[in-house]
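J.:
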Amino acid sequence: MSSPAASACTDTSAPVLRDFGGGPFGIYVHVPFCATRCGYCDFNTYTAGELGTSASPQSWLAALRGELAAAAREFAALPSPTPEVATVFVGGGTPSLLGGDGLAAVLDAVRAEFTLAAGAEVTTESNPESTSPEFFERIRAAGFTRVSLGMQSAAQHVLRVLDRTHTPGRAVAAAREARAAGFDHVNLDLIYGTPGERDADLDASLDAVLGAGVDHVSAYSLIVEDGTALARRVRRGELPAPDDDVLAARYERIDARLRSAGLGWYEVSNWAAGDAAVCRHNLGYWDGGDWLGAGPGAHSHVGGVRWWNVKHPARYADRVGAGGLPAAGWEALGADERYMERVMLAVRLRSGLPLADLAPAAAPAVDRVVADGLAVRSDDDRLVLTDRGRLLADGVVRELLG
Ligand SMILES: C[S@@+](CC[C@H](N)C(=O)[O-])C[C@H]1O[C@@H](n2cnc3c(N)ncnc32)[C@H](O)[C@@H]1O
Ligand code: SF4
Numbered sequence: 055m056s057s058p059a060a061s062a063c064t065d066t067s068a069p070v071l072r073d074f075g076g077g078p079f080g081i082y083v084h085v086p087f088c089a090t091r092c093g094y095c096d097f098n099t100y101t102a103g104e105l106g107t108s109a110s111p112q113s114w115l116a117a118l119r120g121e122l123a124a125a126a127r128e129f130a131a132l133p134s135p136t137p138e139v140a141t142v143f144v145g146g147g148t149p150s151l152l153g154g155d156g157l158a159a160v161l162d163a164v165r166a167e168f169t170l171a172a173g174a175e176v177t178t179e180s181n182p183e184s185t186s187p188e189f190f191e192r193i194r195a196a197g198f199t200r201v202s203l204g205m206q207s208a209a210q211h212v213l214r215v216l217d218r219t220h221t222p223g224r225a226v227a228a229a230r231e232a233r234a235a236g237f238d239h240v241n242l243d244l245i246y247g248t249p250g251e252r253d254a255d256l257d258a259s260l261d262a263v264l265g266a267g268v269d270h271v272s273a274y275s276l277i278v279e280d281g282t283a284l285a286r287r288v289r290r291g292e293l294p295a296p297d298d299d300v301l302a303a304r305y306e307r308i309d310a311r312l313r314s315a316g317l318g319w320y321e322v323s324n325w326a327a328g329d330a331a332v333c334r335h336n337l338g339y340w341d342g343g344d345w346l347g348a349g350p351g352a353h354s355h356v357g358g359v360r361w362w363n364v365k366h367p368a369r370y371a372d373r374v375g376a377g378g379l380p381a382a383g384w385e386a387l388g389a390d391e392r393y394m395e396r397v398m399l400a401v402r403l404r405s406g407l408p409l410a411d412l413a414p415a416a417a418p419a420v421d422r423v424v425a426d427g428l429a430v431r432s433d434d435d436r437l438v439l440t441d442r443g444r445l446l447a448d449g450v451v452r453e454l455l456g
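Quick note, the sequence shown lines up with residues 55 to 456 if you use my numbering.
1) Count the other CB atoms within 10 Å of the CB of Leu101; is the residue buried (16 or more) or exposed (fewer)?
2) Please classify Tyr274 as buried or exposed, where buried requires at least 16 neighbouring CB atoms within 10 angstroms.
3) With respect to the alpha helix (DSSP H) encompassing Tyr370, which residues constitute its N-terminal and C-terminal limits?
4) Hey, how far is the Cα of Tyr393 from the Cα of Asp434?
5) From the DSSP output, in three-state form, read off Ile81 for me.
6) So for Pro137, helix, strand or coil by DSSP?
7) What's the gap between the Cα of Asp448 and the Cα of Gly343?
8) Is Tyr94 helix, strand or coil when you go by DSSP?
9) Could you give the residue range of the alpha helix (DSSP H) that holds Asp162?
10) Determine the DSSP secondary structure at His353, reduced to helix, strand or coil.
11) Taking Cβ positions, are Ala208 and Ala262 nearer each other than 8 Å?
12) Under 8 Å, do Leu132 and Leu71 count as touching if we go by C-beta distance?
13) Straight-line CA distance for Leu301 to Phe168?
14) Where Phe237 and Arg290 are concerned, what is the direct C-alpha to C-alpha distance, given to the nearest angstrom?
15) Can Arg165 be considered in contact with ligand 2, in the sense that its beta carbon sits closer than 7 Å to one or more heavy atoms?
16) On a CA-only basis, which of Thr185, Val160, Arg194 and Arg286 is nearest Ala116? Give me that one, please.
17) My assumption, with CB atoms under 8 Å, is that Asp96 sits in contact with Glu279. Please give the rounded CB distance.
18) Taking the alpha-carbon positions, what's the Ser113 to Arg422 distance?
19) For Trp319, which residues does DSSP report across the bridge?
20) Check the C-beta distance from Cys88 over to Thr148 and give it rounded, since I have them as a contact under 8 Å.
21) Which residue wins for smallest C-alpha separation from Thr185, given the options Val226, Glu138, Asp162 and Ala163?
22) Going by CA-CA distance only, name the one from Glu183, Gly77, Leu409 and Phe190 that's closest to Thr141.
23) When we look at the beta-carbon of Glu138 and count the other beta-carbons within 10 Å, is it buried (16 or more) or exposed?
24) On the CB-based measure, 16 or more other CB atoms within 10 Å of its CB, does Ser134 come out buried or exposed?
25) Considering only residues of the same chain and omitting the five flanking positions on each side of His239, which have a CB-CB separation below 7 Å?
26) Counting pairs of Cβ atoms below 8 Å between the stretch 313-331 and the stretch 401-418, do you hit three or more?
27) Residues in its own chain within less than 6 Å of Ala59 by CB, not counting five upstream and five downstream?
28) In this structure, does DSSP put Thr270 in helix, strand or coil?
29) Is there at least one non-hydrogen atom of ligand 2 closer than 7 Å to the beta-carbon of Gly349?
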């Protein structure tokens, strides 16, 4: 496709915003703190020892308030009125380290600058070991509607390889406590394919997840991220790298168990017990919606302009203090980039990619993936992955963009 290319800009001037894109509007808040770092994780998060006196939850919250105020001012200058906030997602890092009062203060900070829509979805991620019945009651009363817990596995030896500090039973207990506190929407995150994980370990994890009565499950294959302790252990030969065939078999096992328990896939790595249980915030990302990402290293996307914040909490607070948005860089997406993103994200959804969104040149590729049994054309003219296609979703995307 011939079109203007994206204009990338890595000076630290504020992004040049045009207008809202017209889709749902969400706010992501990044909490950059963890008690310890898990060996597989390369998210933008810091332990207290790494931060020293350079940043704290208190200085972060003050900076977050400043960033939200700056964003509200920027948005007020756009042609369209700022939409009501349909979804809020507090992620990390470990948001539950802030405690119930801290998370209530985060939501108050959002409400101070933006209007939440009636029925807004308000999620927080939490680590099982930093939650309690009182924590869930406090955040429910504060207005959170959904909790996402990092369980990863029910097998102690798998949790040990992942450096997770909670006991196998704690995640399930936390999910029950969340439900008892009035949360209808609770997610458990699983990681599969960890070195040493056996089929029986995965089965135990699935038993535990289904026994917890949650309405949402995310299951991610273990990614060995460059620069992590896990990558170093794999490179030294201490641990084997996850095997692609094992990962595919585990994915099929997960899908079969969840499906038979009434949880259907709606994105390749996400299953929900019906439409009311899907994560609307994440759907906003996958559907090309608008969102403000606030906090160190957070990414934002408004009307085809994308920007990302400075990563270190101390530099982030300095930038907010200097006024304006704490962006480290930004880019205006060109038509090619928008098209690639649309294909990459929509193909992974159960609702599929509207065939009308595909360039005419992609027609032979559509014929090929359908003939190979990787996707079907639905009655409403969408390209939807088959069960086998979900295992090869990245290959389908490559074929379509080929
Ligand atoms: C970054 S964490 C943040 C929330 C919380 N701290 C936790 O650990 O659950 C969100 C989820 O990302 C997933 N994740 C992080 N790094 C991963 C990796 N290298 N491979 C697969 N999943 C990963 C884990 O399932 C984790 O639950
Ligand atoms: S607790 Fe979550 S965010 Fe923190 S290091 Fe572990 S996986 Fe990453």
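Beta carbons are placed, not taken as given, at the ideal position from N, Cα and C, and that holds for glycine.
T.: In this structure, then:
1) Correcting the residue type first, residue 101 is Thr in the shown sequence and not Leu. Around the beta-carbon of Thr101, fewer than 16 other beta-carbon atoms lie within 10 Å, marking it exposed.
2) With fewer than 16 other CB atoms across the displayed protein chains lying within 10 angstroms of its CB, Tyr274 is exposed.
3) Secondary structure note for Tyr370: its alpha helix (DSSP H) is the uninterrupted segment Pro367 to Gly375.
4) Taking the straight line joining both Cα atoms gives about 21 Å.
5) Three-state result, Ile81: strand.
6) DSSP places Pro137 in coil when its eight states are reduced to three.
7) The C-alpha of Asp448 lies about 22 Å from the C-alpha of Gly343.
8) The three-state reading of DSSP puts Tyr94 in coil, since its state is none of H, G, I, E or B.
9) First-last of the alpha helix (DSSP H) with Asp162: Gly153 to Glu167.
10) Three-state DSSP puts His353 in a strand.
11) Using a Cβ distance threshold of 8 Å, Ala208 and Ala262 count as a contacting pair.
12) By the CB criterion at 8 Å, Leu132 and Leu71 fall inside the cutoff.
13) Between the alpha carbons of Leu301 and Phe168 lies a gap of roughly 42 Å.
14) Looking at the two C-alpha atoms, the distance is approximately 44 Å.
15) It does not: the Cβ of Arg165 is nowhere closer than 7 Å to a heavy atom of ligand 2.
16) Measuring from the Cα of Ala116, the nearest candidate turns out to be Val160.
17) Between Glu279 and Asp96 the Cβ distance is about 4 Å, and since that is below 8 Å, they are a contact.
18) Straight-line spacing of the CA atoms in Ser113 and Arg422 works out to 54 Å.
19) Bridge partners of Trp319: Trp325.
20) Indeed, because the Cβ distance is near 5 Å, the residues count as touching under 8 Å.
21) Taking only the C-alpha atoms, the option nearest Thr185 is Val226.
22) Closest option to Thr141, Cα to Cα, is Gly77.
23) Flag for Glu138 reads exposed.
24) Burial state of Ser134 is exposed, judged by a 10 Å Cβ sphere holding fewer than 16 other Cβ atoms.
25) Excluding residues within five positions, the ones whose Cβ falls inside 7 Å are Thr199, Arg200, Asp269, His270 and Ala331.
26) Output reads yes: the stretch 401-418 touches the stretch 313-331.
27) For Ala59, the pLDDT reaches just 45, beneath the cut-off of 50, and the residue's location in the model is therefore unreliable, leaving the point undetermined.
28) A small fix is needed here, since residue 270 is His in this sequence, not Thr. His270 sits in a strand when the DSSP states are folded into three classes.
29) Result no, Cβ not under 7 Å from ligand 2.
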